[in-house]
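Enquirer: Just so you know, the UniProt record's numbering puts the end of the sequence shown at 551, numbered straight through with nothing missing. Cβ atoms here follow ideal geometry from the backbone N, Cα and C, with glycine treated the same way. As the structure is a computational prediction, the values presented were derived from the model and not from experiment. Right, I'll just put the structure down here and ask away after.
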Amino acid sequence: FSKKESRLYMSFMYVTFISLFIGGLMGLLQTFVRSGKYTLPFGIDYYTILTVHGVILGLVLTTFFIIGFQFSLLGKTVGISDKQIMVGWISFWVMLIGTVMASITILVGQASVLYTFYAPLRAHPAFYIGLALVIVGSWIAAFVNFRQLYVWKKAHKGEKSPLLAFMVTINMIMWVIASLGVAVSVLVLFIPWSLGYAETINVLLSRTLFWYFGHPLVYFWLLPAYMAWYAIIPKFVGGKIFSDSLARLAFILLLMFSIPVGFHHQLTEPGIDPTWKFIQVVLTFMVVIPSLMTAFSIFGSFEAAGRRKGFTSLFGWIKNLPWKDVRFLAPFIGMVAFIPGGAGGIINASHQMNALVHNTIWITGHFHLTAATTVILTFFGITYWLVPHLTSRRLTPKLNKLGLIQTWIWTIGMVIMSGSMHIQGLLGGPRRSSFSEYAGGEQVATWINYQIAQAVGGTILFVGIILMVYIFIQLSFFAPKGVEEYPIAEEEPDAEKTPKFLENWYLWIGITIALILFAYTIPMIDIMKHSPPGSPPFDWPIGK
Ligand code: HAS
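Have a look at this one:
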C-alpha cells in the first residue's frame with residue numbers, strides 16, 4: 008500500500024480500538040451493577056452506560072473496522088485512486104463527526120435509549136442527527152467501493168472480479184439497502200418528533216423500520232468475518248479456497264435473505280399479522296443455509312490442506328492446523344463459537360421457542376457469542392496481520408504469544424459470561440435491566456449466582472480488552488519495522504470454473520428487492536394505517 012492508503016485505513020483502526028476500550032469499560036461496569044454488589048458513582052444512570060456500550064461497540068467499532076478493512080481489501084485487489092482516497096477521507100470524517108455527536112449526547116445523559124433507540128424512549132435530536140451522519144458517511148464509503156470495482160471491471164472486460172472485491176460489494180449493497188430503513192426512521196420519524204415538530208410517533212412503524220435494518224446489520228458484521236474465513240484463513244493453514252463459486256453463492260444468498268427477516272425480532276410484537284411473522288420466520292431459516300454452506304466449505308478447505316500434507320486418518324488433518332499462529336487461532340475460536348451461537352439463533356427464530364427466550368438475558372448471551380466472539384475474535388485475528396502490514400511493522404513471536412494469551416482470556420471470559428447469560432435467560436432472567444430483587448420470589452433467587460458469574464466473566468474480558476489495546480498500540484507504533492504479508496489465498500486448482508451469472512448484479516439486487524417488497528409491503532401498509540394522530544409521516548408538522 009502507498010503511505011496515503013495506509014493512513015486512511017489506519018485511521019479507521021484507531022477509532023475501532025479507542026471504541027473497544029471505552030465500550031468494554033462500560034460493559035464491565037454493567038456486569039458489576041447487575042451483580043448487586045456495586046452502584047455507579049456520581050448518580051450515573053445504568054441505561055446511560057448500557058447505551059454507550061451498545062452504540063460504541065455494536066455500531067461504532069464494527070462500522071469503522073469493517074469499512075477500514077474493506078477499503079484495504081479493495082485497495083489490494085482492485086486498487087484505489089487518489090481521488091477515491093480523498094472521498095474515503097470524507098466518509099471517515101462524516102462518520103467521525105456523527106459518532107462524536109451521538110456519543111457526547113449519550114454521555115451527558117441525553118440519550119439513554121439503548122442502541123435500538125426504541126420509541127417511545129426519546130433522545131435529544133443531536134443523537135439522531137449524529138446517527139444519521141454515521142450512516143451517510145458509510146454510504147459515501149459504499150459508493151467509493153462500488154466505483155473502485157466499476158473502474159477495475161472497465162479495465163478488465165470479461166474477467167470475473169476478484170473474490171474479495173465481490174464479497175465487499177455484496178456487503179455494501181446489503182448495507183445501503185438495509186440502512187435506508189433506519190435512515191427513513193431517523194429522518195422522517197425520530198428527528199421531527201424529538202425536535203417537537205411532531206406530537207407523537209408511530210412506535211410500531213419505528214421498530215419495524217429499525218429491525219428491517221437491524222437484522223442485516225448483524226450480517227454486515229458477519230460478512231467481513233466470512234471474507235477472512237473463506238479467502239484469508241486458508242492461507243495460514245497452507246490451503247486454498249475450497250470453491251470460489253460456492254463462496255460467491257453463499258454471499259448472494261446472504262444478500263437476498265438477510266433483509267426480509269426483521270420480524271423475527273418482533274415475534275412478540277402485537278400489531279403485526281401472524282401470517283407475515285410466519286413468512287419472515289421461513290425466510291429466516293433460508294438465511295441459515297449460506298452459513299451452513301460456509302461451515303461445510305471451511306471444514307473442506309482445512310481438511311484438503313491437511314490431506315495434501317499427508318495426514319490421512321479421519322481427523323488427522325486437525326493436527327495440521329497452525330494452533331500457535333494467532334492469526335489462525337483467534338478466528339478459529341470465533342468459528343467454533345458460531346456453532347452454539349448459530350444454534351442459539353435458530354432457537355430464537357423458532358416462533359414458539361422465541362416466546363421463552365425473548366427479552367431474557369439469553370438473547371444477550373446469544374449476541375455475545377455471535378457478535379462479541381465469532382465476529383470480534385475474527386476482527387482481532389485480522390488486526391494481527393493488517394495493522395503491521397499498514398504500519399510496515401512485524402508481528403513478532405512475542406506479540407504473537409501475547410495474542411494467543413489474549414485469545415484464550417477472551418474465550419474463557421466469554422464462556423463464563425455468555426454461558427451464565429444463556430442459563431439465567433432460561434430461568435427467566437430479564438435482559439436490559441439493572442440489579443433488582445423484584446420484591447423477592449423463588450425464581451428470582453436463582454438468578455443472582457449467574458449475575459455474579461457474569462461479573463467474573465466480564466472482568467476477565469476486560470483484562471482481554473486491555474491486552475488487545477496494548478497489542479494494537481505495539482503493532483501501530485512500537486513493533487520492529489519489517490514486512491508483514493497481506494495474505495490472500497488462491498482457489499483449489501480442481502475447483503469448477505465460476506459461472507458468469509454469479510456476477511449478474513441486476514439479477515441479485517432485483518431478487519433482493521422483490522423479496523423485501525413481498526415480505527414487507529402488506530404489513531407496512533397495515534402498520535401505517537394505524538398511525539396515531541399527530542405522528543409522522545402523514546400527520547405533521549402539527550398546527551403550531
Ligand atoms: Fe441473532 C437476536 C436469530 C445470527 C446478533 N442476534 C440477535 C441480537 C443480536 C444478534 C445483536 O430469530 C439482539 C438484537 C437485540 O438487541 O434485540 N441470529 C439469528 C439466526 C442467526 C443469527 C437465525 N445473530 C446472528 C449473528 C449475529 C447475531 C451472526 C451477529 C454477528 N438473533 C436471531 C433472533 C433474534 C436474534 C430470532 C431475536 C431474538 C429476540 O427474541 O429478541 C443465524 O444467522 C445463525 C446461522 C449460523 C449457523 C452456524 C454455522 C456455523 C459456522 C461455523 C463453522 C465452524 C468451523 C470450525 C468451520 C447455522 C459457519 C469448526 C472446527 C472444528 C474442528 C470444531
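1) What residues match up with Lys488 in a beta bridge as DSSP calls it?
2) Our contact map puts Ile73 next to Phe258 with C-beta atoms below 8 Å; I'd like the distance itself, whole angstroms only.
3) Short check: CB of Phe347 to CB of Thr385, under 8 Å?
4) Given that a residue counts as buried once 16 or more other Cβ atoms are within 10 Å of its Cβ, and exposed if not, what is Tyr477?
5) Quick one, are the C-beta atoms of Leu216 and Ser192 less than 8 Å apart?
6) Tell me whether His429, by its Cβ, gets closer than 7 Å to a heavy atom of the ligand HAS.
7) What is the DSSP secondary structure of Ile495, counted as helix, strand or coil?
8) Quick check: the Cα distance between Leu328 and Phe309, rounded to an integer number of angstroms?
9) Determine, using beta carbons only, whether Arg41 and Ser441 come nearer to each other than 8 Å.
10) Pick out the complete alpha helix (DSSP H) segments inside the region 240-268, 4 residues or longer, and give them in chain order.
11) With a 10 Å radius around its C-beta and 16 neighbouring C-beta atoms as the bar for buried, classify Leu321 as buried or exposed.
12) CA-CA distance, Glu497 and Trp236?
13) Assign Asp251 to buried or exposed, taking buried as 16 or more other Cβ atoms, counted over all protein chains shown, within 10 Å of its Cβ.
14) Beta-carbon within less than 6 Å of Gly65's beta-carbon, same chain only, minus the 5 sequence neighbours each way: which residues are those?
15) Where Thr319 and Phe303 are concerned, what is the direct C-alpha to C-alpha distance, given to the nearest angstrom?
16) Run through DSSP, which three-state label would Pro437 get?
17) Can you give me the start and stop residues for the alpha helix (DSSP H) that Glu449 sits inside?
18) Ends of the alpha helix (DSSP H) at Glu276?
19) Assign His131 to buried or exposed, taking buried as 16 or more other Cβ atoms, counted over all protein chains shown, within 10 Å of its Cβ.
20) Once the 5 residues before and after Thr418 are set aside, which same chain residues still bring their CB inside 7 Å of it?
21) The ligand HAS and His60: does the residue's C-beta get closer than 7 Å to at least one heavy atom of that ligand?
22) Can you list, in chain order, the residues of its chain whose CB lies under 8 Å from that of Gln287, leaving out five sequence neighbours each side?
23) Looking at C-alpha atoms only, which residue of Val189, Leu411, Ser98 is the closest neighbour of Leu138?
24) By the DSSP assignment, the alpha helix (DSSP H) with residue 2 in it spans what residues?
25) Whole angstroms are fine: how far does the CA of Val101 sit from the CA of Ile111?
26) Helix, strand or coil, according to DSSP, for Thr69 in the structure here?
27) Mind checking whether Asn209 and Leu196 have CB atoms under 8 Å apart?
Expert: So, to answer that:
1) Arg400
2) The Cβ separation is near 15 Å, so there is no contact.
3) Sequence check: residue 347 is Pro here, not Phe. Cβ atoms of Pro347 and Thr385: not closer than 8 Å.
4) exposed
5) yes
6) no
7) coil
8) 8 Å
9) yes
10) 240-243, 251-265
11) exposed
12) 13 Å
13) buried
14) Tyr122
15) 19 Å
16) strand
17) 449-452
18) Note, Glu276: premise wrong, no alpha helix (DSSP H); not H, not E.
19) buried
20) Ile340
21) no
22) Pro267, Val268, Gly269, Phe270, His271, Ala526
23) Val189
24) Beyond the ends of the chain as shown, which are 8 and 551, falls residue 2; an answer cannot be given.
25) 16 Å
26) helix
27) yes
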